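Each remark here refers to the structure printed beneath this line.
In our numbering, the protein residues as written are 176 to 287.
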């Protein structure tokens, strides 16, 4: 089992989670983070660090966000999505987007 970044991260991109990851499995896009399922060791440390509760165990991803399982796997393998290993500031308008749902349409799939 791996962990998955879901909808709540889109257009927020809080990076508190990357500071605690012992294997550097996070990849960064312009307005979203993903977890590389081949690198994740299921340690659970990132879950508690996410201020918008965007990270779930693969088996616990809500039914309406199942697409994010495949999306994390696909984007983590893209050469344009590079590893992120240190915390950065969230996106400038993160407060506006933090409580919103249904943000998949706003996910920028280009590289960071």
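Cβ coordinates follow ideal geometry from the N, Cα and C atoms, glycine included. Small disclaimer: the values here were computed from a predicted structure and weren't measured.
Apart from the five residues on each side of it in sequence, which residues of its chain come closer than 7 Å, Cβ to Cβ, to residue i?
i, result
"residue 203", "256, 257, 259 and 287"
What three-state label does DSSP hand residue i in the structure shown?
i, result
"residue 222", "helix"
"residue 260", "coil"
"residue 289", "No answer is possible for residue 289: it lies beyond the span of the chain, which begins at 176 and ends at 287."
"residue 208", "strand"
"residue 271", "helix"
For residue i versus residue j, is the C-beta distance shorter than 8 Å?
i, j, result
"residue 196", "residue 269", "no"
"residue 185", "residue 250", "no"
Exposed or buried, residue i, counting other C-beta atoms within 10 Å across all chains shown (16 or more means buried)?
i, result
"residue 182", "buried"
"residue 211", "buried"
"residue 198", "exposed"
"residue 201", "buried"
"residue 232", "exposed"
"residue 223", "exposed"
Since I believe residue j is in contact with residue i (beta carbons under 8 Å), could you give me their beta-carbon distance rounded to a whole number of angstroms?
i, j, result
"residue 178", "residue 221", "6 Å"
"residue 237", "residue 191", "About 21 Å separates the two Cβ atoms, so there is no contact after all."
"residue 176", "residue 217", "6 Å"
"residue 243", "residue 193", "With 8 Å as the limit, residue 243 and residue 193 do not qualify as a contact, their Cβ atoms being about 18 Å apart."
"residue 283", "residue 205", "4 Å"
Take residue i and list the residues in its own chain whose beta-carbon comes closer than 8 Å to its own, dropping the five residues that flank it on each side.
i, result
"residue 285", "204, 205 and 255"
For residue i, decide whether its Cβ has a neighbour in chain B, counting only Cβ atoms nearer than 8 Å.
i, result
"residue 193", "Looking at the structure shown, chain B is missing, and only one protein chain is on hand."
Considering only residues of the same chain and omitting the five flanking positions on each side of residue i, which have a CB-CB separation below 6 Å?
i, result
"residue 281", "185 and 186"
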